[in-house]
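Asks: Counting in my numbering, the sequence shown runs from 464 upward without gaps. All residues carry an ideal CB built from backbone N, CA and C; glycine is no exception. These numbers come from a predicted model, not from an experiment. Sending over a structure as structure tokens; questions will come in a sec.
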Amino acid sequence: MTPGRRSSTFTRLLRHGFTDPSAAERLLDSAELAAVRDDPFLLEALGATADPDLALHGLVRLLEAQPAPSDRRELLDTLIAAKPLRDRLLGVLGASAALADHLARHPSDWQALVTYEPQDLHPGVEEFERGLAEATDPVSLRVAYRRCLLSIAARDVCGTTDLAETAAELADLATATLRAALALAAAAAPDDARACRLAVIAMGKCGGHELNYVSDVDVIFVAEAVEGADEAKALKSATKLASHMMRICSETTIEGSIWPVDANLRPEGRNGPLVRTLSSHLAYYQRWAKTWEFQALLKARPVAGDAELGQAYVDALQPLVWQAAERENFVADVQKMRRRVVENIPASEIERELKLGPGGLRDVEFAVQLLQLVHGRTDPSLRSGTTLDALQALAAGGYVGRLDAARLDEAYRFLRAMEHRIQLYRLRRTHLVPEAEADLRRLGRSLGLRTDPVTGLLREWKRHTGVVRRLHEKLFYRPLLDAVAQLAPGEARLSAEAARERMVALGYADPASALRHLEALASGVSRKAAIQRTLLPVLLGWFADSADPDAGLLNFRKVSDALGKTPWYLRLLRDEGAAAENLARVLSAGRLAPDLLMRAPEAVALLGDGTGSGGAGGGLEPRDRAQLEQEVLAAVGRAENAEQGVTAARGVRRRELFRTAAADIVFSYGTETTPAEPDQGALVDRVGAAVSDLTAATLAGTLRAVVRAGWGDTLPTRFAIIGMGRFGGHELGYGSDADVLFVHEPQDGVDEQEAATAASKVVAEMRRLLQLPSADPPLLIDADLRPEGKSGPLVRTLKSYEAYYRRWSLVWESQALLRAEPVAGDEALARRFTELIDPLRYPERGLGDDEVREIRRLKARMESERLPRGADPRLHTKLGPGGLSDVEWTVQLLQMRHGWHEPVLRTTRTREALFAAHEAGLLAAVDAAVLDEAWVLATRVRNAVMLVRGRAGDTFPTDPRELAAVGRYLGYGAGHVGDMLDAYGRITRRARTVVQDLFYADGT
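Have a look at this one:
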């Protein structure tokens, strides 16, 4: 061979898509191809395949495998003379190494690709049954199956059949194969076959007539005894036949396996009997089946065995399928199953996952099936088991926008075609996009992307998954907007009844009102309406994911009415990734946060990214006490009088309460990009610190306003406010009063009476101003923990406190002082007050036996007298067993007994003291953890009740929707309220056991 000729051939091979021209040249020069190496049609046909190198290598192997020279000549002559065979055979060899292996083992099977009759273009079950008819055992069945598969793959890669036709042919071949396998099983056990009627119901993609090249074939078995036979024996025979049929298809032989037959979609899954009677199936689905099981039945189709029994199964169960959407928590169940699928994908694979990843095939299938279940009740045209047919029917009926349906159809076809070509290469069950460049190149070329196959494939793949990701949620909601806004004349729309059905299925209790809100938000041609039409499909999905979608939508309408003409508001929701989802979560999580927002809607700006980081936090990060105090004092300084000053301070408090509540909701629920905060204690600490700091800043501002209005810059007496209870412990909740003590000390040269009068006026005016009716929530000051309680003066001098505590103090007062911490006013005076009370709360040598008994007596009396009549003590977060009181009194007893010699115990914070007690060796790590878990949970429940109901409460709500909202805040999905209550009972019971060991044990 001359160098020039070699160079010319090398170049031609490169031009035709060979990646290893040198190896290809050697193969073309081999004895098998010598006669046709220069044939231009051969080289052109090789270059048209997905992988010319693979096709050429497979052709040489096939020629080598021919048993005689005459067979080799026949193959070559036919290959060159018949273009249909050439395209089919080389197309398969260039796309599937596995089918090339099959042809090398069975070299005459290439003749299955020669025929080119009309019936050969679109064979059905009967044609495939004829193709498998000669199989007499599992091995020959596999060979015949592969021969049929060869013809399907040839039509597929040549473009003779489209994606839907290929998937249907694969399902028909599976049907024929199941029938052949059942016939083999019956022939092996004729007595069993005569004893029963057995029907095989295809499920999943086989049932839906849309099978992959390599997939588990999902089935359900139903059987009946023949007339006069014993049912138990008949079921035993049917089970043997079914098991044998499954093994025939699934087991690996010298010819490999066909595919696994999976019967796990049957009632009770792996734990249930393989075969049931029709009445047993029906009883299970009527009583026990879960939502996903009805969703699976959408695709049920009798395919093998007793046809009459198979049809009876479908006829009996189909009515139940179309009632599934009426089940409680229907949409939540379906969406939760979708999320669980995604959560189970390894992180390293999720970006390559074609089927289950975000924007993958399952997103389209779930969305279509959900809409079928919702609307198929009243519209039989939607009851197709085939995804693309169902999508077309949904569009024709106006249940899905036509443009959205067309884009989803295109994306689904492309992604399924990718899946087919990936599986066809090795005939292995996989949904992962390969990473190797050679694999991506072959895959891209097989899909017609020839110029730059790798780049083109990745670009198209990402484009189509992006389309699915954007549309699969909007698929539910956009037609609702089209139905109420009526902006596209000529489009098929949801009827009023269909729109109502969909709203009910999505969890809306009052669909008529919800549709009116949608109409108000989406109608019109204004910029506001246009942006809201874009936002609402996504917002409606988030509302539907909450416990109260109706409230979410109503609240959004209120906010929109208040701010809709403000340019920054719509821009915030449209452009800042976190803002729209955060708003949806906040508006549908309960009453408190929306109520706070409605009083000053501009606070919605806090829900944006804030720092621009794009995270869920941003503007929701709490501000520290110094920042809050600075803002409040500055606002008070600008005010003309005390009332205006306190109004400004209360405005800051309202805004910051909203910030805290919104952050609590967002971090408890999680977002699409940020999971929920797993550390429940961190959530509690965050709220407690934020609300306590905010209350301290509000009191500091109010004190400044009152003093400035009445006395100018200097009050006749030094004045300090001491936080008590949860306030002093940095543990305030949303609905907590501010427990405080007031202490004063006359300025030098000031008469004590004058000082006392001034101090009393300050306290009275602070309490009045903080409770004035206004748009801002009141701040109630509670001074009942003062000496002599409600009978004693509201404010005392430091000397008076000293005299009282020295002479009259009771043990409960010393216990209350454990939480005392200065929060506002004169710092030096507050410090001296702390020094005064330290010996009381941390008594030298601890507590005597009498004092311990008194504390225990007081606790028992409190639990018996203060528990509300009719309340279930097991669910009372404050006074119930294992609740807040149990944990706090146990910790405080440890502090009073050991604080004098263990400085780490000298803290006002419950959790800090709890772990300090463990550090000091007073508490086992496991006991500390049990008490902490119970205290955190009880605090979270109280916070949840306030967020949901808008008013404080110490026990779980009785209203089902409010109870569900508490559950969502605590991390329990729809339908899991019982799990939440069980968990609360279990955790608090464990804590009560620890409390009994510690609080009531002598010598603790």
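Hey, residue 1099 and residue 1070 are a contact pair by Cβ (cut 8 Å); roughly how many whole angstroms apart?
Replies: That pair is no contact at about 27 Å.
Asks: Look at residue 563 and residue 556 and say whether their C-beta atoms are less than 8 Å apart.
Replies: Cβ distance < 8 Å, so residue 563 and residue 556 count as in contact.
Asks: Distance, Cα to Cα, residue 1261 vs residue 1206?
Replies: When rounded, the distance between both Cα atoms is 6 Å.
Asks: In whole angstroms, what separates the C-alpha of residue 1271 from that of residue 1021?
Replies: Roughly 56 Å separates the two Cα atoms.
Asks: Between which two residues does the beta strand (DSSP E) holding residue 764 run?
Replies: 764 to 768 is the span of the beta strand (DSSP E), which, as asked, contains residue 764.
Asks: Which ranges would you report for the alpha helix (DSSP H) in the segment 594 to 654 if only whole runs of at least 4 residues count?
Replies: Within the segment 594 to 654, the complete alpha helix (DSSP H) runs of at least 4 residues are 601 to 620 and 626 to 651.
Asks: Nearest to residue 1119 by alpha carbon, out of 1104, 1091 and 1101?
Replies: Answer by Cα proximity: 1091.
Asks: In the DSSP output, what is residue 683 paired with across the bridge?
Replies: In the DSSP output, where bridge partners are listed per residue, residue 683 has 664.
Asks: State the start and end residues of the unbroken alpha helix (DSSP H) segment that holds residue 726.
Replies: No alpha helix (DSSP H) contains residue 726, which DSSP labels as neither H nor E.
Asks: Quick one: grab the DSSP three-state call for residue 457.
Replies: Here the chain has residues from 464 to 1467 only, and residue 457 is not among them.
Asks: Classify residue 1104 as buried or exposed, calling it buried when 16 or more other Cβ atoms lie within 10 Å of its own Cβ.
Replies: Classification for residue 1104: exposed.
Asks: Once DSSP output is grouped into helix, strand and coil, what is the label at residue 1148?
Replies: The answer is helix: DSSP assigns residue 1148 an H, G or I state.
Asks: Measuring only the C-alpha atoms, how far is residue 1097 from residue 1179?
Replies: If I take the Cα positions, the gap works out to 23 Å.
Asks: For the segment 519 to 563, which segments carrying the alpha helix (DSSP H) assignment without a break, of at least 4 residues, lie completely within its bounds, in sequence order?
Replies: The qualifying runs are 532 to 544 and 546 to 558.
Asks: When you compare only the Cα positions, how much space is there between residue 769 and residue 651?
Replies: Distance between the alpha carbons of residue 769 and residue 651 is about 18 Å.
Asks: My output table needs one value for residue 885: the three-state DSSP class, helix, strand or coil.
Replies: Correct three-state label for residue 885: helix.
Asks: Mapping DSSP to helix, strand and coil, what is residue 481?
Replies: Correct three-state label for residue 481: coil.
Asks: Quick check for students: name the residue ranges of the alpha helix (DSSP H) that lie wholly in the segment 840 to 923, counting only runs of 4 or more.
Replies: 850 to 859, 865 to 889 and 900 to 909, all fully within the segment 840 to 923.
Asks: Starting from residue 1260, trace the beta strand (DSSP E) both ways and give me its first and last residue.
Replies: Its beta strand (DSSP E) spans residues 1258 to 1260.
Asks: DSSP state of residue 974, grouped into three classes?
Replies: Three-state result, residue 974: helix.
Asks: With a threshold of 6 Å on Cβ separation, who are the neighbours of residue 561 within its own chain once the five nearest residues in sequence on each side are excluded?
Replies: These residues qualify, in order along the chain: 889 and 890.
Asks: Can you give, in chain order, each stretch of the alpha helix (DSSP H) that sits fully within the segment 1149 to 1218 and has at least 4 residues?
Replies: Runs of the alpha helix (DSSP H) inside the segment 1149 to 1218: 1188 to 1191.
Asks: Can you tell me whether DSSP reads residue 1244 as helix, strand or coil?
Replies: Reduced to three states, the DSSP call for residue 1244 is strand.
Asks: Can you tell me whether residue 886 is buried or exposed, with buried defined as 16 or more other CB within 10 angstroms of its CB?
Replies: By the neighbour-count rule (16 or more Cβ atoms within 10 Å), residue 886 is buried.
Asks: Please name the residue, chosen from 1426, 1412 and 1456, that lies closest to residue 1442 on a Cα-to-Cα basis.
Replies: Nearest of 1426, 1412 and 1456 to residue 1442, Cα basis: 1426.
Asks: Between residue 1028 and residue 1323, what straight-line distance do the alpha-carbon atoms span, to the nearest angstrom?
Replies: Residue 1028 and residue 1323: Cα-Cα distance of roughly 58 Å.
Asks: In whole angstroms, what separates the C-alpha of residue 1455 from that of residue 1417?
Replies: For residue 1455 and residue 1417, the distance between alpha carbons rounds to 17 Å.
Asks: Looking at C-beta atoms only, is the number of pairs between the segment 670 to 686 and the segment 632 to 645 that lie closer than 8 Å three or more?
Replies: Enough Cβ pairs lie closer than 8 Å, so yes.
Asks: Determine whether the beta carbon atoms of residue 824 and residue 771 lie at a separation below 8 Å.
Replies: Contact: no.
Asks: Could you check whether the segment 1394 to 1413 touches the segment 1054 to 1063, counting it as contact only if at least three pairs of C-beta atoms, one from each stretch, sit closer than 8 Å?
Replies: Touching, yes, given that three or more Cβ pairs across the two stretches are closer than 8 Å.
Asks: For the pair the segment 901 to 908 and the segment 688 to 704, tell me if three or more CB-CB distances fall below 8 Å.
Replies: Taking 8 Å as the limit for Cβ pairs, the verdict is that the segment 688 to 704 does not touch the segment 901 to 908.
Asks: With distances taken Cα to Cα, identify the nearest neighbour of residue 534 among 518, 573 and 520.
Replies: Measuring from the Cα of residue 534, the nearest candidate turns out to be 573.
Asks: Output the boundary residues of the beta strand (DSSP E) element that contains residue 1287.
Replies: Taken as a continuous stretch (DSSP letters only), the beta strand (DSSP E) holding residue 1287 covers 1284 to 1288.
Asks: Please state the DSSP three-state secondary structure of residue 788.
Replies: Looking at residue 788 - three-state DSSP - the assignment turns out to be helix.
Asks: Taking C-alpha atoms, which residue in 1192, 1208, 943 and 1168 lies nearest to residue 1183?
Replies: Considering only alpha carbons, the answer is 1208.
Asks: Quick check: residue 938 and residue 863, are their CB atoms within less than 8 Å of each other?
Replies: In this structure, residue 863 lies closer than 8 Å to residue 938 by Cβ.
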